[in-house]
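Under my numbering, the first residue of the sequence shown is numbered 95, with each subsequent residue one higher. No residue lacks a Cβ here, since even glycine has one placed at the ideal position from N, Cα and C. As the structure is a prediction and not an experimental result, all values here were calculated from the model. Everything on this sheet refers to the single structure shown next.
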Amino acid sequence: MLLQNKNAVIYGAGGAIGSAVARAFAREGAKVFLTGRHRAPVEVVAKEIVSAGGSAEAAEVDALDEQAIDKHLESVIGKAGRVDISFNAVGIPGTNILGVPLVELDVAQFSLPITTYATSYFLIARAAARRMAANKSGVIMTATTQHSRMGLPLSGGYGPAMAAEEALTRVLSVELAPQGIRVVGLRPQAIPETDTLKEAFEARAKVSGLTWEQFQEFLASKTHTRRLMTLAEMANMAVFMASDKASGMTGTTVNLTMGSLDD
Ligand SMILES: NC(=O)c1ccc[n+]([C@@H]2O[C@H](COP(=O)([O-])OP(=O)(O)OC[C@H]3O[C@@H](n4cnc5c(N)ncnc54)[C@H](OP(=O)(O)O)[C@@H]3O)[C@@H](O)[C@H]2O)c1
């Protein structure tokens with residue numbers, strides 16, 4: 095098992111990506127500490143993992159609340175001794191931020207994704223790094239999308255938010271790698287199993303005139319594989335990148351866009 099004896103903290107663990115990563119980490123032997131803004135969805139995932147024979151605990155932690163993040167990490171260290179992996183899977187509903195042309199977008203709506211995504215990632219990463227530095231090892235991870243590098247219409251501040259996260263991954267890495275801490279992002283292709291993609295479709299449906307099926311076909315047509323990504327594919331890569339097998343990877347975002355975005 096690739097993550098045997100590792101302790102992983104996952105933020106936004108009740109969501110699609112967070113829960114898939116949590117299950118995959120636990121299957122590979124990690125003890126997972128699941129957190130989310132609301133406890134109930136995180137509790138469901140933790141129970142599933144425990145029923146399948148894994149080790150998981152759930153907690154309510156707002157990833158924009160510095161003190162709540164610190165308090166929770168202290169409790170993890172109290173129970174498990176150390177934190178090896180920190181995974182940021184926080185996401186906000188696309189319905190609040192997508193579908194409006196930039197010239198009609200108000201500043202609050204533009205800023206919301208930028209401040210939410212960049213600030214939560216910063217707070218999570220900083221708290222983890224402070225603890226990981228003591229052990230001279232650890233991996234800090236986040237998830238972004240191809241909006242970070244492509245001009246996609248009706249995305250408001252979402253693209254700038256994704257670009258900010260990828261920039262932060264590089265800056266965190268250059269400061270933390272000398273202390274034994276790797277920082278890596280994952281940039282998955284759209285995942286049709288998730289509500290996030292459905293919201294992205296719905297926000298643009300009126301303007302695009304596409305059906306849900308046509309929207310997926312359109313996105314898939316931009317990939318080399320002519321299909322979109324599965325949660326399992328994304329989670330498998332998360333496991334590998336979190337593991338010691340990826341010890342040579344830091345300061346970068348793994349391009350999982352299946353060919354839509356050239357390197
Ligand atoms: N789904 C895709 O196709 C896809 C593809 C590529 C990249 N991504 C990226 O991956 C990330 C996660 O996406 P997802 O599809 O898993 O989204 P999701 O299903 O909406 O999950 C996001 C989770 O974040 C939680 N959250 C929101 N604000 C929080 C806060 N302040 N503190 C703690 N938790 C908070 C949400 O909890 P509540 O519901 O309780 O608010 C939710 O459980 C996003 O950055 C997204 O852009 C997604």
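Indicate the three-state DSSP secondary structure (helix, strand or coil) for serine 341 in the structure shown.
Position 247 of the sequence shown holds residue 341. Coil at serine 341, not helix or strand.
Applying the 10 Å Cβ sphere with the 16-neighbour rule, what's the burial state of alanine 118?
Residue mapping note: residue 118 aligns to position 24 of the sequence shown, counting from 1. Alanine 118 comes out buried.
Let me check you understand the geometry: is the CB of glycine 147 closer than 8 Å to at least one non-hydrogen atom of ligand 1?
Counting from 1 along the sequence shown, the entry for residue 147 is found at position 53. No - ligand 1 has no heavy atom lying nearer than 8 Å to the Cβ of glycine 147.
Quick check on the burial criterion: 16 or more other C-beta atoms within 10 angstroms. Buried or exposed for arginine 93?
The question about residue 93 has no answer here: the residues shown for the chain are numbered 95 through 357.
Starting from glycine 130, follow the beta strand (DSSP E) in both directions and report where the run begins and ends.
Residue mapping note: residue 130 aligns to position 36 of the sequence shown, counting from 1. It spans 125 to 130 - the beta strand (DSSP E) in which glycine 130 sits, taken as one unbroken run.
Can you tell me whether leucine 313 is helix, strand or coil according to DSSP?
Your numbering for residue 313 matches position 219 in the sequence shown. Leucine 313 carries a helical assignment under DSSP once its states are collapsed to helix, strand and coil.
When you measure from the CB of serine 249 to every non-hydrogen atom of ligand 3, does any distance come out below 8 Å?
The model depicted lacks ligand 3 and carries ligand 1 instead.
For glutamine 98, count neighbouring Cβ atoms within 10 angstroms of its own Cβ and tell me buried if that reaches 16, exposed if not.
Here residue 98 corresponds to residue number 4 of the sequence shown, with the count starting at 1. Exposed is the call here.
Kindly examine ligand 1 and report whether one of its heavy atoms sits closer than 8 Å to the Cβ of serine 180.
Within the sequence shown, numbered from 1, the residue matching residue 180 stands at position 86. For ligand 1, not one heavy atom lies less than 8 Å from the Cβ of serine 180.
Mind listing, in chain order, the continuous beta strand (DSSP E) runs of no fewer than 3 residues lying wholly within the segment 266 to 309?
Secondary structure within the segment 266 to 309: the beta strand (DSSP E) runs of 3 or more consecutive residues, fully enclosed, are 275 to 282 (chain order).
With a threshold of 8 Å (Cβ to nearest heavy atom), would isoleucine 171 be considered close to ligand 1?
Your numbering for residue 171 matches position 77 in the sequence shown. False, no ligand heavy atom lies under 8 Å from that Cβ.
Top-ranked residue by Cα proximity to alanine 222, from Ile186, Ala202 and Leu167:
In the sequence shown, the residue the question calls residue 222 occupies position 128. Looking at the Cα atoms, Leu167 is the closest of the given residues.
Taking the C-alpha atoms as reference points, what is the distance between glycine 279 and leucine 206?
As a first step, residue 279 is located in the sequence shown; it is residue number 185 there, counting from the start. As a first step, residue 206 is located in the sequence shown; it is residue number 112 there, counting from the start. Those two C-alpha atoms are separated by around 21 Å.
CB contact flag (alanine 107, valine 136, <9 Å)
Counting from 1 along the sequence shown, the entry for residue 107 is found at position 13. Counting from 1 along the sequence shown, the entry for residue 136 is found at position 42. Cβ distance < 9 Å, so alanine 107 and valine 136 count as in contact.
Kindly indicate which three-state DSSP category valine 103 falls into: helix, strand or coil?
By 1-based counting over the sequence shown, the position of residue 103 is 9. Correct three-state label for valine 103: strand.
Write down the C-beta distance between leucine 246 and alanine 284 rounded to the nearest angstrom, noting that I regard them as a contact closer than 8 Å.
As a working note, residue 246 is residue 152 in the sequence shown. As a working note, residue 284 is residue 190 in the sequence shown. Taking C-beta atoms under 8 Å as the contact rule, leucine 246 and alanine 284 fail to qualify, at a distance of about 11 Å.
Nearest-angstrom Cα separation, counted from alanine 162 out to proline 272
Within the sequence shown, numbered from 1, the residue matching residue 272 stands at position 178. Within the sequence shown, numbered from 1, the residue matching residue 162 stands at position 68. The straight-line gap from Cα to Cα measures roughly 28 Å.
For alanine 219 and asparagine 229, what's the separation of their Cα atoms in angstroms?
The count along the sequence shown starts at 1 and reaches residue 219 at position 125. The count along the sequence shown starts at 1 and reaches residue 229 at position 135. So the alpha carbons of these two residues sit roughly 15 Å apart.
Checking 9 Å against the spacing of the C-beta atoms, do leucine 266 and valine 277 come in under that value?
Position 172 of the sequence shown, counted from the start, is the residue given in the question as residue 266. Position 183 of the sequence shown, counted from the start, is the residue given in the question as residue 277. Yes; because the gap between Cβ atoms is below 9 Å, this pair is in contact.
Option nearest valine 348 by Cα separation, candidates Ala294, Glu311 and Glu260:
If you number the sequence shown from 1, residue 348 lands on position 254. Among Ala294, Glu311 and Glu260, the Cα nearest to that of valine 348 belongs to Glu260.
Given a threshold of 16 other Cβ atoms within 10 Å of its Cβ, counted over all protein chains shown, does threonine 210 qualify as buried or as exposed?
Sequence index remark: in the sequence shown, residue 210 carries index 116 (1-based). That one is buried.
Use the C-beta contact count for arginine 281: other C-beta atoms within 10 angstroms, 16 or more gives buried, fewer gives exposed.
Walking along the sequence shown from the start, residue 281 turns up at place 187. Arginine 281 sits buried, since 16 or more C-beta atoms from the chains shown fall within 10 Å of its C-beta.
With distance defined between alpha-carbon atoms, name the residue in Ala202, Leu128, Arg298 and Gly345 nearest to threonine 263.
The residue labelled residue 263 in the question sits at position 169 within the sequence shown. Nearest of Ala202, Leu128, Arg298 and Gly345 to threonine 263, Cα basis: Gly345.
At what residues does the alpha helix (DSSP H) containing valine 136 begin and finish?
Stepping through the sequence shown from its first residue, residue 136 is reached at position 42. For valine 136, the enclosing alpha helix (DSSP H) begins and ends at 133 to 145.
So, is lysine 165 buried or exposed, given that buried needs 16 or more other C-beta atoms within 10 angstroms?
Locating residue 165 in the sequence shown gives position 71, counting from the first residue. Residue environment analysis places lysine 165 among the exposed positions, since fewer than 16 neighbouring C-beta atoms fall within 10 angstroms of its C-beta.
Closer than 8 Å: is that where the CB of aspartate 338 sits relative to any heavy atom of ligand 1?
In the sequence shown, residue 338 corresponds to position 244, counting from 1. No, since every heavy atom of ligand 1 falls outside the 8 Å radius drawn around the Cβ of aspartate 338.
Say the cut is 8 Å; is the CB of alanine 202 nearer than that to a heavy atom of ligand 1?
Reading the sequence shown from its first residue, position 108 is the one you call residue 202. No, ligand 1 has no heavy atom inside 8 Å of this Cβ.
Measuring CA to CA, which of Gly147, Arg121, Ile179 and Gly123 is closest to tyrosine 105?
Mapped onto the sequence shown, residue 105 falls at position 11. Residue Ile179 is the option with its Cα nearest to tyrosine 105.
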